[in-house]
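Residue numbers for the sequence shown follow my numbering, so the first one is 1183 and each next one is one higher.
Glycine included, C-beta positions come from ideal geometry on N, C-alpha and C.
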Amino acid sequence: AVRTLRSHKLRSALTMLGVVIGTGALVAVMALIAGLNSSVAAQFQAVGTDIISVSRYPWVQMGDSEEYRDRKLITLEDAEAVGRLPSVGLMSPNIHTRRHISHEGRILRYSLVTGTTPEHETIANFAVGSGRFITEFDVERRRQSVVIGADVADELFPVRDPLEKDIRVGGKRFTVVGVLESKGSIFGESMDDLVIIPITTFEKAFGSRRSVVIDCSPAEGVPIERTIDDIRHLMRLRRGVPRGEPDDFAINTQDDLMSAYNNLTGVLYFAMTGIVALALLVGGIGVMNVMLVSVAERTREIGVRKAIGARRRDISSQFLVESI
1183 AVRTLRSHKL RSALTMLGVV IGTGALVAVM ALIAGLNSSV AAQFQAVGTD
1233 IISVSRYPWV QMGDSEEYRD RKLITLEDAE AVGRLPSVGL MSPNIHTRRH
1283 ISHEGRILRY SLVTGTTPEH ETIANFAVGS GRFITEFDVE RRRQSVVIGA
1333 DVADELFPVR DPLEKDIRVG GKRFTVVGVL ESKGSIFGES MDDLVIIPIT
1383 TFEKAFGSRR SVVIDCSPAE GVPIERTIDD IRHLMRLRRG VPRGEPDDFA
1433 INTQDDLMSA YNNLTGVLYF AMTGIVALAL LVGGIGVMNV MLVSVAERTR
1483 EIGVRKAIGA RRRDISSQFL VESI
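Structure representation (structure tokens):
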């Protein structure tokens, strides 16, 4: 069998090539899928662990967007009521806008500006690289303190220490008290192009007529499902949603993002795997065809071997070895 394969080197190599390509492609596609899933999971982890976000709009919007725009605003009073639930651990109300950020001629356009409370550091899994996060004192006194993301620090202060320097956020002057460590990006959008200010300062500078996003985490030892149920019940009562009617707010979790990602990519992964499996099948059929030709063209050899005493299984074993 080995001598036969050596005597037909090109045919043996081409036959193996079909199976090698099919197998290699299958392994590569499965590795790619596993790598993408792992990367996306890591990006979601950077958003915050066990975070529950109550907002006016869902993170993944399905259906008519007009329905979401007609919803009532979520207020700070709603956030305080959620924070008093026994099943809720930490809670931070957040208000967002986008503004230009500048310092001595350098400008970042439409960066995310978040007004929040000190608890947001833990809930959203932020890590302060230098300086500090905003404090209760900043919130109570409506101080012009700002914590900046890594991208903002790199762009506005490429060679200087940003701490205690003044920057302009939407035309308002703020003093940098902290710089966040980089969190990377999610779905191609940077999570470091942001600044964080006290929520009371945000209302004073940019207005309070905005919907609040309530970020919270379950109390210790409380399952996240129970916390979500308690929040949903409370919000429906406060917003007067009749029994049987759908929620007029959204409760978002990491599982929602992962589920949306899996739905979007599931069909693609199935198609990719199917195409590669088909290539592997074609490679296997190629081996079968070559062996059929090999048997047909070696009829004389088989006859001679049988004439001198070869048994059927001896001949079958030789071709099986060549196939393997």
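For Leu1450, count neighbouring C-beta atoms within 10 Å of its own C-beta (all shown protein chains included) and say buried if the count is 16 or more, exposed if not.
Locating residue 1450 in the sequence shown gives position 268, counting from the first residue. When all chains shown are included, Leu1450 counts as exposed.
Taking just the CA atoms, how far does Met1273 sit from Arg1391?
The count along the sequence shown starts at 1 and reaches residue 1391 at position 209. The count along the sequence shown starts at 1 and reaches residue 1273 at position 91. When rounded, the distance between both Cα atoms is 21 Å.
Can you give the Cα-Cα distance for Lys1347 and Glu1407, rounded to whole angstroms?
Along the sequence shown, read from residue 1 onward, the residue named residue 1347 stands at position 165. Along the sequence shown, read from residue 1 onward, the residue named residue 1407 stands at position 225. The straight-line gap from Cα to Cα measures roughly 44 Å.
Do Asp1397 and Ile1233 have their CB atoms nearer than 8 Å?
In the sequence shown, the residue the question calls residue 1397 occupies position 215. In the sequence shown, the residue the question calls residue 1233 occupies position 51. The answer is yes: Cβ separation under 8 Å.
Hey, how far is the Cα of Glu1259 from the Cα of Ile1378?
Within the sequence shown, numbered from 1, the residue matching residue 1259 stands at position 77. Within the sequence shown, numbered from 1, the residue matching residue 1378 stands at position 196. Roughly 21 Å separates the two Cα atoms.
Work out the CA separation of Val1211 and Leu1460 for me, nearest whole Å.
Start at 1 with the first residue of the sequence shown, and residue 1460 comes out as number 278. Start at 1 with the first residue of the sequence shown, and residue 1211 comes out as number 29. The alpha-carbon atoms of Leu1460 and Val1211 are separated by roughly 13 Å.
Tell me whether Ala1478 sits in a helix, a strand or coil according to DSSP, three-state version.
Here residue 1478 refers to the residue found at position 296 when the sequence shown is read from its first residue. Three-state result, Ala1478: helix.
Compute the beta-carbon to beta-carbon distance between Thr1197 and Val1464, rounded to the nearest angstrom, for a pair I have assumed lies under 8 Å.
On the sequence shown, position 15 is the one that residue 1197 refers to. On the sequence shown, position 282 is the one that residue 1464 refers to. Not a contact, Cβ separation roughly 12 Å.
Give me the residue from Gly1491, Thr1481, Glu1479, Leu1474 with the minimum Cα distance to Leu1502.
The residue labelled residue 1502 in the question sits at position 320 within the sequence shown. The candidate whose alpha carbon is nearest that of Leu1502 is Leu1474.
Identify the residues that DSSP records as bridge partners of Glu1348: which are they?
Taking the first residue of the sequence shown as position 1, residue 1348 is located at position 166. The sequence shown places Asp at residue 1348, not Glu. Its beta-bridge partners are Thr1357.
Quick one: what does DSSP say Leu1502 is sitting in, helix, strand or coil?
The residue you call residue 1502 lines up with position 320 of the sequence shown. Residue state, collapsed to three classes: helix.
In terms of residue numbering, what span does the beta strand (DSSP E) encompassing Thr1299 cover?
Here the question's residue 1299 lines up with position 117 in the sequence shown. Thr1299 -> no beta strand (DSSP E), and no H or E assigned at all.
Check for me: the alpha helix (DSSP H) holding Val1184 runs from which residue to which?
Walking along the sequence shown from the start, residue 1184 turns up at place 2. Element bounds for Val1184: 1184-1189.
With 16 other CB atoms within 10 Å as the buried threshold, where does Thr1357 fall?
Position 175 of the sequence shown holds residue 1357. Classification of Thr1357: exposed, given that the 10 Å Cβ count is below 16.
Considering Thr1409, what are the terminal residues of the alpha helix (DSSP H) in which it resides?
On the sequence shown, position 227 is the one that residue 1409 refers to. Start and end: 1406-1421.
Report the option in Ile1283, Ile1381, Ile1289, Ser1312 whose CA atom is closest to the CA atom of Glu1301.
If you number the sequence shown from 1, residue 1301 lands on position 119. Check the Cα spacing between Glu1301 and each of Ile1283, Ile1381, Ile1289, Ser1312: the tightest is with Ile1381.
Would you kindly check if the distance between the Cβ of Arg1253 and the Cβ of Arg1238 is under 8 Å?
Reading the sequence shown from its first residue, position 56 is the one you call residue 1238. Reading the sequence shown from its first residue, position 71 is the one you call residue 1253. Yes, the pair counts as a contact, with Cβ atoms nearer than the cut-off.
So is Gly1352 in contact with chain C if we call contact Cβ pairs under 8 Å?
Judged by its chain identifiers, the structure shown contains no chain C, having just a single protein chain.
Who are the Cβ neighbours of Trp1241 in its own chain at under 7 Å, not counting the five residues just before and after it?
Translated into positions along the sequence shown, residue 1241 becomes position 59. Closer than 7 Å at Cβ, skipping near neighbours: Asn1434, Asp1438, Leu1439.
Tell me which same chain residues have a C-beta within less than 6 Å of the C-beta of Gly1204, skipping the five on either side of it?
In the sequence shown, residue 1204 corresponds to position 22, counting from 1. If we look at Gly1204 and ignore the five residues flanking it on each side, its Cβ neighbours are Ala1461, Leu1462, Gly1465.
Report the rounded CA-to-CA distance for Ala1387 versus Asp1375, giving the unit in angstroms.
As a first step, residue 1387 is located in the sequence shown; it is residue number 205 there, counting from the start. As a first step, residue 1375 is located in the sequence shown; it is residue number 193 there, counting from the start. Each residue's alpha carbon lies about 20 Å from the other.
Would you kindly work out how many angstroms separate the C-alpha atoms of Thr1296 and Gly1352, rounded to a whole number?
Within the sequence shown, residue 1296 is the residue found at index 114, counting from 1. Within the sequence shown, residue 1352 is the residue found at index 170, counting from 1. So the two alpha carbons sit approximately 12 Å from each other.
With DSSP run on the structure shown, which of helix, strand or coil describes Ile1490?
For the purposes of this step, residue 1490 is taken as residue 308 along the sequence shown, with counting starting at 1. It is coil, neither helix nor strand.
Determine the burial state of Gln1243: buried for a count of at least 16 other Cβ atoms within 10 Å of its Cβ, exposed for fewer.
Here residue 1243 is taken as the residue at index 61 of the sequence shown, counted from 1. The residue is exposed, with fewer than 16 neighbouring Cβ atoms inside 10 Å.
In whole angstroms, what is the alpha-carbon distance linking Arg1367 and Ile1330?
Here residue 1367 refers to the residue found at position 185 when the sequence shown is read from its first residue. Here residue 1330 refers to the residue found at position 148 when the sequence shown is read from its first residue. The sequence shown places Ser at residue 1367, not Arg. Using only the alpha carbons, I get a separation of about 16 Å.
Residues in its own chain within less than 8 Å of Leu1187 by CB, not counting five upstream and five downstream?
Indexing the sequence shown from 1 puts residue 1187 at position 5. Cβ neighbours of Leu1187 beyond the five flanking positions: Ser1194, Glu1504.
Report the partner residues of Met1470 according to the DSSP bridge assignment.
Position 288 of the sequence shown, counting from 1, holds the residue named residue 1470. None; Met1470 has no bridge partner.
Restricting to Cα atoms, I'd like to know which of Gly1456, Ser1189, Thr1409, Thr1383 is closest to Lys1354.
Taking the first residue of the sequence shown as 1, we reach residue 1354 at position 172. Taking only the C-alpha atoms, the option nearest Lys1354 is Thr1383.
Count the other CB atoms, across all protein chains shown, that sit within 10 Å of the CB of Thr1481; report buried if there are 16 or more and exposed otherwise.
Residue numbering aside, residue 1481 sits at position 299 when the sequence shown is read from its first letter. By the neighbour-count rule (16 or more Cβ atoms within 10 Å), Thr1481 is not buried but exposed.
Between which two residues does the beta strand (DSSP E) harbouring Asp1232 extend?
Within the sequence shown, residue 1232 is the residue found at index 50, counting from 1. For Asp1232, there is no enclosing beta strand (DSSP E), as DSSP marks it with neither H nor E.
Inspect the CB distances between the segment 1415-1423 and the segment 1207-1224 and report whether three or more fall short of 8 Å.
no
Which residue's Cα is closest to the Cα of Val1394: Leu1192, Val1264, Val1202?
By one-based count along the sequence shown, residue 1394 stands at place 212. For the residues Leu1192, Val1264, Val1202, the minimum Cα distance to Val1394 belongs to Val1264.
Taking the alpha helix (DSSP H) that Ile1256 falls in, what are its first and last residues?
Your numbering for residue 1256 matches position 74 in the sequence shown. Note, Ile1256: premise wrong, no alpha helix (DSSP H); not H, not E.
Name the DSSP beta bridge partners of Thr1279, please?
For the purposes of this step, residue 1279 is taken as residue 97 along the sequence shown, with counting starting at 1. Bridge partners of Thr1279: Val1295.
What is the DSSP secondary structure of Ser1374, counted as helix, strand or coil?
On the sequence shown, residue 1374 is found 192 positions in, with the first residue counted as 1. The displayed chain sequence assigns Asp, not Ser, to residue 1374. Of the three classes helix, strand and coil, the one that applies to Asp1374 here is coil, per DSSP.
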